[in-house]
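What follows is a short report on a single structure.
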Amino acid sequence: MVTQSKTVEDLRAAIDARIESCRHFASGRIDSFGRVVGVGELPDSSRHERQDHQLDAAGRVLRLDRYEREFSKPTRRYYHYLGDSDKVSESVWFDRYGRLENIHRYLYDRDSGLMLERAEYTREGALYYRILSSYGQGDTLAQDLWLGPDGKQLKRYVYTYEDGELVREEHYGKADGMVGYFEMEYDQGGNLALKAWFSGDRLQSLTAYEYDQENRVIETVLADGDEMIEARQTFGYDQVGNVVEECWFDSHDQLVKHLRYGVDDLSVGS
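Read the sequence shown against the numbering used here and you will find it ends at 1102, with the numbers running on by one and no gaps.
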């Protein structure tokens, strides 16, 4: 861990030496059980990112390289685990110039193994915020509460499920007034099909997702509150599922950006 006497460079070198394989994902996150996972969902109204998960012999992610298409160098996250388990105890984040950005630490319930708290610290070691998580039936995440260094609420998210799928995500601010909420719909394959953002009862934006037979996103469409298309993005894949082509279109369906790039012929996670 970065709190030990070893230098940051020593810790990074020690982790890099244990890397044995790599998998590509559209994005990544740490789930409720503290496992680093790759996910296919793309962020609303933002450009596609590739995240390369570097794994050890046990299949645990040791380093995550996050590429933004505008930059040649990735930002990086290094992961430390609780003993031989797959639960992350600490993640250390660096910018694309190799400078330490921040540190994240995680606490879990001993019985269920669910994550109870995430805390972010600045590069100087000062607490930036904490996230306290609570759960409902079936170990589904019910609420995330953000607290500042003074213990006061920064924001709060409340999650609602139907048939095991997240269908509503409510956002509350510092004074606990509702800022807005997302509503989600899914296709027959369980893929996210629509994600709508409401402020009050008014629709503000809508993102639609289209998938191919391999359940890979091939198109996202962003619309405004009047359901007028603002932007569209399409994706092309190689034989193993890596994204090799992206096109952006404006509200008039005019091509505004077209990227082609090569990637290593590696296996792809979903």
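Even glycine gets a Cβ: it sits at the ideal position worked out from N, Cα and C.
- Scanning the segment 965-1032 for uninterrupted beta strand (DSSP E) segments of 3 residues or longer gives 973-979, 985-994, 997-1004, 1010-1018 and 1024-1031, listed from N- to C-terminal end.
- Short of 8 angstroms from the beta carbon of L948, and not among the five residues preceding or following it, lie these beta carbons of its own chain, in chain order: L939, Y940, D941, L964 and S965.
- Annotation: the continuous beta strand (DSSP E) that includes V920 extends over V920 to F926.
- DSSP, read as helix, strand or coil, puts I1061 in strand.
- A distance below 7 angstroms between beta-carbons, with the five flanking residues on each side excluded, links D1008 to the following residues of its chain, in chain order: Q985 and R988.
- Per DSSP, V1072 is not a residue of any beta strand (DSSP E), being assigned neither H nor E.
- Each residue's CA atom was taken as its position, placing G1022 and A849 some 38 angstroms apart.
- Burial check for A1028: the Cβ neighbour count within 10 Å reaches 16 or more, so the residue is buried.
- When beta bridges are read from the DSSP output, Y953 appears opposite I935 and L959.
- Here the C-alpha atom of R844 lies approximately 10 angstroms from the C-alpha atom of R908.
- Assignment of E1042 by DSSP, reduced to helix, strand and coil, places it in the strand class.
- Nearest to E841 by alpha-carbon distance, out of L979, L932 and V871, is L932.
- Just so you know, the alpha carbons of Y910 and Y953 end up roughly 15 angstroms apart.
- Within the same chain, Y1004 come within 6 angstroms of M1010 by CB-CB distance, once the 5 residues on both sides are set aside.
- Between T1066 and L1087, the alpha-carbon positions lie close to 11 angstroms from each other.
- In this chain, the beta strand (DSSP E) harbouring I1050 covers V1049 to D1056.
- When beta bridges are read from the DSSP output, D897 appears opposite D884 and R908.
- Around the beta carbon of D884, a 10 Å sphere encloses 16 or more other beta carbons of the protein chains shown; the residue is thus reported as buried.
- The C-alpha of S904 lies about 21 angstroms from the C-alpha of S853.
- Boundaries of the alpha helix (DSSP H) around R844: V840 to D848.
- Contact annotation, I851 with R895: C-beta distance approximately 6 angstroms; criterion of less than 8 angstroms satisfied.
- Under DSSP, F865 shares a beta bridge with no residue.
- Shown here, Q1036 sits in a strand according to DSSP, grouped into three states.
- DSSP links G930 through a beta bridge to no other residue.
- In this structure, L998 is the residue among L998, S1037 and R898 with its C-alpha nearest to the C-alpha of L1024.
- Spatial neighbours of K1006 in its own chain (CB-CB distance under 8 angstroms, excluding positions within 5 residues in sequence) are listed in chain order as K984, Q985, L986 and K987.
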